[in-house]
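**Student:** First to last, the sequence lines map onto chains B and P.
Quick note: the first sequence, position 31, residue 31 per the working numbering, numbers continuous.
Quick note: the second sequence, position 219, residue 442 per the working numbering, numbers continuous.
2 protein chains.
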Amino acid sequence: MSQQGFERPLTAQEAVLAEIRREILSGAWAPGTPIRQDAVASALGVSRVPVREALKILEGEGQVTYAPHKGYVVRELDADELVELYRLRELLEAEAIRHAVPKLTDRHLAEMKDAMERMESLDASDLPALADCNREFHSVLLDAAEMPRLRHFLRLLRDAADVYRVLLYSDTGTLAQTAAEHRAIFAACSDRDTEKVIELHDQHRSRTVELLLPRLRGTVATA
Amino acid sequence: MSQQGFERPLTAQEAVLAEIRREILSGAWAPGTPIRQDAVASALGVSRVPVREALKILEGEGQVTYAPHKGYVVRELDADELVELYRLRELLEAEAIRHAVPKLTDRHLAEMKDAMERMESLDASDLPALADCNREFHSVLLDAAEMPRLRHFLRLLRDAADVYRVLLYSDTGTLAQTAAEHRAIFAACSDRDTEKVIELHDQHRSRTVELLLPRLRGTVATA
DNA sequence: GCGCGGAGTAAAGTATACAATCTTCGGCCA
DNA sequence: TGGCCGAAGATTGTATACTTTACTCCGCGC
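1. Here's the rule I'm using: 16 or more other beta-carbon atoms within 10 Å means buried, otherwise exposed. How should GLN63/B be labelled?
2. Residues in the same chain with beta-carbon distance under 6 Å from GLU276/P, minus the five sequence neighbours each way, listed in chain order, please.
3. Measure from the alpha carbon of GLU340/P to the alpha carbon of each residue in ARG428/P, ARG312/P, PHE360/P, LEU314/P, then state which is nearest.
4. Look at VAL16/B and GLN37/B and say whether their C-beta atoms are less than 8 Å apart.
5. Going by beta-carbon coordinates alone, are ALA96/B and LEU141/B separated by less than 8 Å?
6. Do you know how far the Cα of ARG244/P is from the Cα of CYS356/P?
7. Considering only C-alpha positions, which residue in the set PRO371/P, ALA354/P, THR431/P is nearest to TYR309/P?
8. Strictly by DSSP, which residues pair up with TYR169/B?
9. Any beta carbon from chain B within less than 8 Å of GLY283/P's own beta carbon?
10. Bridge partners for GLY71/B per DSSP, in chain order?
11. Buried or exposed, going by whether 16 or more other CB atoms sit within 10 Å of the CB of PRO68/B?
12. Near ARG428/P, what residues of its chain come up, given a Cβ to Cβ distance below 7 Å and the 5 sequence neighbours on each side ignored?
13. The alpha helix (DSSP H) that contains VAL263/P, what's its start and end?
14. Look at the alpha carbon of GLU242/P and the alpha carbon of ARG358/P, and state the distance between them as a whole number of angstroms.
15. Tell whether a beta-carbon distance below 8 Å holds between LYS56/B and ILE421/P.
16. Just verifying my parser: in three-state terms, what is the DSSP assignment at GLN13/B?
17. Using a Cβ-Cβ distance cut-off of 8 Å, determine whether PRO68/B contacts chain P.
18. To the nearest angstrom, report how far apart LEU77/B and GLU282/P are at their CA atoms.
19. Per DSSP, PRO257/P forms a beta bridge with which residues?
20. Excluding the 5 residues flanking GLU93/B on each side, which residues of the same chain have their C-beta closer than 7 Å to its C-beta?
21. How many Å lie between ARG165/B and ALA410/P at the Cα?
22. From this set, MET119/B, LEU168/B, MET147/B, which residue's C-alpha is nearest PRO214/B's C-alpha?
23. On the three-state DSSP scale, how would you describe MET370/P?
24. Have a look at ALA347/P and LEU398/P and give me their C-alpha separation to the nearest angstrom.
25. Pull out every residue of the region 129–155 of chain B whose Cβ sits closer than 8 Å to any Cβ of chain P, in chain order.
26. List the endpoints of the continuous alpha helix (DSSP H) containing SER455/P.
27. Can you tell me the Cα-Cα spacing of ILE185/B and LYS103/B, whole angstroms?
28. Just to confirm, is the Cβ distance from SER270/P to ALA262/P under 8 Å?
29. Which parts of the region 395–436 of chain P are runs of the alpha helix (DSSP H), unbroken and 4 residues or longer, counting only runs that do not cross its ends?
30. What whole-angstrom Cβ distance do ALA253/P and VAL297/P have, given they're in contact under 8 Å?
31. Spatial neighbours of ALA402/P within its chain, please: CB distance less than 6 Å, with the 5 preceding and 5 following residues excluded, ordered by chain position.
32. What do you get for LEU373/P, buried or exposed, if any count of 16 or more other CB atoms within 10 angstroms of its CB means buried?
33. Using 8 Å for Cβ pairs, my map puts ALA144/B next to ALA79/B. What's the rounded Cβ distance?
34. DSSP three-state label for SER139/B, please.
35. Using a Cβ-Cβ distance cut-off of 8 Å, determine whether ILE57/B contacts chain P.
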């Protein structure tokens, strides 16, 4: 049992990895941005070695692309890839939900509700916090499925698209709709209505894809 | 169009990565084996730096596990994880096949047939070559789906289980059955009978899981 | 004017050296 | 006898320095 709250001092590579993830997921490093090892290293006060190792993890995960002697680049998606990503999430999330819903405890539901309500209380401009709450809300279900590989894949799929999803939070109307969808999902979970939860997730996702696609097509030309 | 047969000199890390993959997939490094960076480095005539970077890729892919200051270990699976792995393959391969079969050209079919026949002509003792042909046969379908992420995930899922599947090739009877199943899959592909191809893959997989599970449960105790 | 080629610069790739951490084993004490 | 403490060895983690590769830009020749 590891104590919660206690944090073993990280290795440099772990700290760097966490930092790079933050930069990418927050949208600070847009897709297509080359990652200069030297710049990252000196910004974080470490040498290039741990930076390179962190980047290798991200390469293995598909979050960045790598070309020998050219370097690492924040992964870009075209419209086809985005559609593929969401199709895979459709398949895999349905599987996760089927396993998770029957196992949901009151504790799980309390966590979902908490994340949901915290998200609603946030200011629309606090993008990182919004993204965190959103992630936490959906994570409860994924965790409850107790399928580690599935969970891992879904995290990768989510992260790959999150790079672009940041764009959506700018709009308050969208935010309100997201909140409504979360409440519906929570209600269906409380009822243990598995198929309803799946259906709501499908809608939730479809809406996101449709909002994203036009913006994505617009940026393809600049690549 | 890159010329086939031409190979640009690899970076050390790429060469090391390929070599470690070979060692793991061939079964030479059994699951649970600790990977000593120094040993790998001196065996391949490089320093530890490229070895560590290759290992980071495998960590990101989930092929090895890592603990700070302890090192890297070839990933072990318990029975539950194996079942999960194959369940995910069931979902994702079905998706791949649905996209691939309508797109199959004569050229694809010729490649499948070639891989199939080469595999049948091999000696039962030549495990690496058998595994290669098997991989090639199934890759044709995955490639034809033209879904890069899906292809990547399925490669990871396959690699994760291949560590154990090596055990199966020892048996000639199993080999003959595999050949028969490949022929059936090829026939269904030629007929463009999508649902039949999916059904055959499901059988192919189920048989493998059932052969693997008892052996896996047997080895868990030794961990 | 256009294109080819080479020097110079910037960035990545790797080796070596050193620091931090873990593990093992032997000795001491209860 | 058993277990705890600590030092030595082994292994990993990181910094620095050097090598290799790629990109840029200038000048020469066509």
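Glycine residues also receive a C-beta, built at the ideal position from the N, C-alpha and C atoms.
**Tutor:** So, to answer that:
1. buried
2. Cβ within range, chain order: GLN236.
3. PHE360/P
4. no
5. yes
6. 17 Å
7. THR431/P
8. Answer by DSSP bridge pairing: none, since TYR169/B is not bridged.
9. yes
10. ALA67/B
11. Residue environment analysis places PRO68/B among the exposed positions, since fewer than 16 neighbouring C-beta atoms fall within 10 angstroms of its C-beta.
12. TYR309, ARG312, GLU313
13. 260–267
14. Taking the straight line from one Cα to the other gives about 17 Å.
15. no
16. helix
17. yes
18. 23 Å
19. VAL296/P
20. Once the five neighbours on either side are set aside, the close Cβ partners of GLU93/B are LEU154, HIS201.
21. In a straight line, the C-alpha of ARG165/B is about 44 Å away from that of ALA410/P.
22. LEU168/B
23. If DSSP states are grouped into helix, strand and coil, MET370/P belongs with coil.
24. 8 Å
25. Within the region 129–155 of chain B, the qualifying residues are MET147, PRO148, ARG149, LEU150, HIS152, PHE153.
26. Summary: the structure shown does not reach residue 455/P, with chain P confined to residues 224 through 446, and so no result is reported for it.
27. 16 Å
28. no
29. 395–413
30. 7 Å
31. GLU343
32. It is buried - the Cβ of LEU373/P has at least 16 other Cβ atoms within 10 Å.
33. Not confirmed; about 33 Å, so no contact.
34. helix
35. Interface residue, yes.
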